[in-house]
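Residue numbers (our numbering): 98 to 214. Here's the structure we're looking at; comments come further down.
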Amino acid sequence: MDVVWVAKSFSIRLLKNQLGQSTVEYILLLAVLVSLGFGFFHNKKFLDFINAADGSMFESMRKGIGYSYRYGLEYKSSVPYDEKMIFDYKNNLHDSYTKDGTESRFFTGDAPYPAGP
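Here is the structure:
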């Protein structure tokens with residue numbers, strides 16, 4: 098009878114002790130996040146999106162950023178990117194002008210900026 102009583106008190110005391118519980122919880126959370134990340138980044142649809150048939154995602158981002166920086170327009174895949182990037186800009190036929198070529202889409206102030214201090 099004494100042995101049963103000692104075993105019961107020992108297990109109750111061990112369960113009331115919470116040392117290391119937060120460490121175990123963080124390890125379990127890390128395991129869940131790693132498994133979710135592994136499942137996401139090794140998914141076939143995600144890999145097909147990154148390595149698209151018309152070039153990689155990063156190549157299309159590079160073209161889009163370069164074109165929108167130069168012309169102030171959103172890049173479409175139908176735009177001949179290489180031709181637009183080597184344009185000589187000696188006339189008003191580039192994409193920064195309106196379709197009829199009479200005025201630029203960009204604007205300036207109607208008065209000069211005031212002199213600084």
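For each residue, glycine too, the CB sits at the ideal point set by N, CA and C.
What residue range does the alpha helix (DSSP H) around residue i cover?
| i | result |
| --- | --- |
| K173 | Taken as a continuous stretch (DSSP letters only), K173 belongs to no alpha helix (DSSP H), as it is neither H nor E. |
| I162 | 154 to 168 |
| Q115 | Per DSSP, Q115 belongs to no alpha helix (DSSP H) and is neither H nor E. |
| D192 | Run containing D192: none; DSSP gives neither H nor E here. |
Do residue i and residue j have their CB atoms nearer than 8 Å?
| i | j | result |
| --- | --- | --- |
| K181 | Y164 | yes |
| S153 | I147 | yes |
| Y168 | S193 | yes |
| F143 | F135 | no |
| Y172 | K187 | no |
Return helix, strand or coil for residue i, following the three-state DSSP convention.
| i | result |
| --- | --- |
| D66 | Here the chain comprises residues numbered 98 to 214, so residue 66 is not present and cannot be evaluated. |
| F137 | helix |
| A212 | coil |
| M143 | Note that residue 143 is Phe in the sequence shown here, rather than Met. Correct three-state label for F143: helix. |
The ligand NAP heavy atoms versus the CB of residue i: any closer than 7 Å?
| i | result |
| --- | --- |
| A128 | Only the bare structure without any ligand can be found here, which leaves the ligand NAP out of the picture. |
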